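Asks:
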Amino acid sequence: MPVDHISVRGAREHNLKNIDVEIPRDKLVVITGLSGSGKSSLAFDTIYAEGQRRYVESLSAYARQFLGLMEKPDVDHIDGLSPAISIDQKGSSNNPRSTVGTVTEIYDYMRLLWARVGRPHCPTCARPIERQTVQQIVDATLAYAPGSRLLLLAPVARAKKGEHQGILEEARRAGFVRVRINGEVRDLDESFELSKQKRHDIDIVVDRLVIPEPATDATATSRIADSVETALKVGQGVMIVARADAKKGAKEAERLFSEHFSCPYDGSSIGEIEPRTFSFNSPHGACSKCTGLGVEKEIDSSKAWPRRWTSALTNRSAN
């Protein structure tokens, strides 16, 4: 016959005065009462402590030396008890970025789990995203319309605070002459400083080229292949092809390629999956429109004051 309740007999821990109680299993049970009446003594110091103690006792001697054995609570006996866990109480927060997952810290474990064992899929065709070869990247680059002016970029910093003088100096020593900072191409010979308090995106300009006519030109193909290999090496397996002649914010103004994850069917690519990719508190993983809050603020024109009301209030204040 299955046990349907937890039976506590003779509980005397702390403020408890030799009490007997039966608690139904598989139910949400609330223990309430005045301050000092023994609520925590019953829930944590008696039931939880005994459940945890019995669980640890069932483990091997090797495992017990790492967990430690809790003392037996002052109680005659407890029946129907299972291994127990306890969650500490924390103060509520009005921060819109606080959720059940972040407060209990399980969100950190879930992000790590998704980043390590998750299998990415294409957001367009839902097929699994696979690695992309250098030749596939070269073919995709040559597929641009003849005459297109392209920048082959190697991303070296994404949404990172700091002046990044070390990155810029290393690019100079490597022989690169241009860099794109926050979407603006700058010469490395220029003297400029980045604000250490702001986040910056830095891409090294590996090559600037124009798609030839025909696109099968052997010299152009060899040059693009060399540049792609260099960009992937500098960008640690990730590179960007940006159209220098496209308007800022235009659709497909730039395209991300990766040796790690890319869809061979429609060309969708993503960078290396990291725990911050799944964090709505990080610029790397947050939605660009709502910045991770899940709500986009807009002006409701239907609730705006009529023009005549505004005029009346202006005249009244003037009088």
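In the numbering used here, the protein residues as written are 401 to 719. For glycine and all other residues, C-beta sits at the position ideal for the given N, C-alpha and C. Since the model is a prediction, treat every value here as computed from it, not as a measurement.
1. I'd like the list of long-range same chain contacts for Val634, defined as Cβ closer than 8 Å, with 5 residues on each side in sequence excluded.
2. Note down the Cα distance separating Asp626 from Val538, rounded to an integer number of angstroms.
3. Taking Arg464 and Val456 to be in contact with their CB atoms under 8 Å, please state how far apart those CB atoms are, rounded to whole angstroms.
4. Please state if the CB of Arg527 and the CB of Cys663 are separated by a distance shorter than 8 Å.
5. Count the other CB atoms within 10 Å of the CB of Thr432; is the residue buried (16 or more) or exposed (fewer)?
6. From what residue to what residue does the beta strand (DSSP E) around Gly410 run?
7. What do you get for Lys417, buried or exposed, if any count of 16 or more other CB atoms within 10 angstroms of its CB means buried?
8. Below 8 Å, how does it come out for the region 510-526 and the region 670-687: are there three or more Cβ pairs, yes or no?
9. Distance, Cα to Cα, Arg453 vs His405?
10. Please identify the residue among Arg497, Arg425, Lys472, Asp479 whose C-alpha is closest to the C-alpha of Val695.
11. Are there 16 or more other CB atoms within 10 angstroms of the CB of Phe466, so buried, or fewer, so exposed?
12. May I ask you to report which of helix, strand or coil DSSP gives Val500?
13. Count the C-beta pairs between the region 470-487 and the region 442-452 that are closer than 8 Å, then say yes if the count reaches three, no if not.
14. Under three-state DSSP, which class holds Arg454?
15. Could you tell me the distance, in whole angstroms, from the CA atom of Val534 to the CA atom of Ser460?
16. So, with DSSP's three-state summary, where would you put Asp601?
17. Just list the alpha helix (DSSP H) runs in the region 545-575, keeping only unbroken ones of 4 residues or longer that don't cross its boundaries, in chain order.
18. What's the call for Arg580, buried or exposed, on a 16-neighbour Cβ count within 10 Å?
19. I need the DSSP call for Ser702, collapsed to helix, strand or coil.
20. Could you tell me if His477 is buried or exposed, where buried requires 16 or more neighbouring beta carbons within 10 angstroms of its beta carbon?
21. Considering only DSSP beta bridges, list what Ile781 is partnered with.
22. Who are Ala642's beta bridge partners in DSSP?
23. If we count Cβ pairs, one from each stretch, closer than 8 Å, do we get three or more for the region 582-594 versus the region 557-568?
24. Cβ atoms of Val641 and Glu654: under 8 Å apart, would you say?
25. CB-CB under 6 Å to Arg549, same chain, minus the five flanking residues each way: which ones, in chain order?
26. Determine the closest residue to Ala540 out of Ile624, Arg511, Arg572, Gly547, with distance taken between C-alpha atoms.
27. So, using beta-carbon positions, are Asp420 and Val408 closer together than 8 Å?
28. Expressed to the nearest angstrom, what Euclidean distance is found between the alpha-carbon atoms of Pro683 and Arg558?
29. Measuring straight from C-alpha to C-alpha, what distance separates Leu552 and Thr619?
30. Taking the beta carbon of Arg511 as the centre, do at least 16 other beta carbons fall within 10 Å, making it buried, or is it exposed?
31. For Ala718, count neighbouring C-beta atoms within 10 Å of its own C-beta (all shown protein chains included) and say buried if the count is 16 or more, exposed if not.
Replies: From the atom records:
1. The answer, listed in chain order, is Ala554, Val556, Ala574, Ile604, Val606.
2. Straight-line spacing of the CA atoms in Asp626 and Val538 works out to 10 Å.
3. Cβ atoms of Arg464 and Val456 come within 8 Å of each other, at about 6 Å.
4. Taking a C-beta distance under 8 Å as the contact criterion, Cys663 and Arg527 qualify as a contact pair.
5. It is exposed - the Cβ of Thr432 has fewer than 16 other Cβ atoms within 10 Å.
6. Taken as a continuous stretch (DSSP letters only), the beta strand (DSSP E) holding Gly410 covers 405-411.
7. With fewer than 16 Cβ atoms within 10 Å of its Cβ, Lys417 is classed as exposed.
8. Because the criterion of three Cβ pairs below 8 Å is met, the region 510-526 and the region 670-687 touch.
9. Distance between the alpha carbons of Arg453 and His405: 19 Å.
10. Nearest to Val695 by alpha-carbon distance, out of Arg497, Arg425, Lys472, Asp479, is Arg497.
11. Exposed.
12. In the structure shown, Val500 sits in a helix (DSSP, three-state: H, G or I).
13. Flag = yes, the region 470-487 and the region 442-452 touch.
14. In this structure, Arg454 counts as helix in the three-state DSSP scheme.
15. Pairing Val534 with Ser460, the inter-Cα distance amounts to about 52 Å.
16. Here Asp601 carries a strand assignment [DSSP, helix/strand/coil].
17. For secondary structure counted as the alpha helix (DSSP H) over 4 or more consecutive residues, the region 545-575 holds these complete runs in sequence order: 565-573.
18. When all chains shown are included, Arg580 counts as buried.
19. In the structure shown, Ser702 sits in a helix (DSSP, three-state: H, G or I).
20. It is exposed - the Cβ of His477 has fewer than 16 other Cβ atoms within 10 Å.
21. The shown model of the chain, from 401 to 719, leaves out residue 781, and the question about it has no answer.
22. Under DSSP, Ala642 forms a beta bridge with Leu551, Glu654.
23. Verdict: yes, contact present.
24. In this structure, Val641 lies closer than 8 Å to Glu654 by Cβ.
25. If you ignore the 5 residues before and after Arg549, its C-beta comes within less than 6 Å of the C-beta of Val610, Ala644, Asp645, all in its own chain and listed in chain order.
26. Nearest option by C-alpha distance: Ile624.
27. If you check the CB distance, Asp420 and Val408 come in under 8 Å.
28. The alpha-carbon of Pro683 is positioned some 9 Å away from that of Arg558.
29. A straight-line Cα-Cα distance of about 17 Å links Leu552 and Thr619.
30. With 16 or more Cβ atoms within 10 Å of its Cβ, Arg511 is classed as buried.
31. Note that Ala718 has pLDDT 45, beneath the 50 cutoff, so the model's placement of it is unreliable and no number is given.
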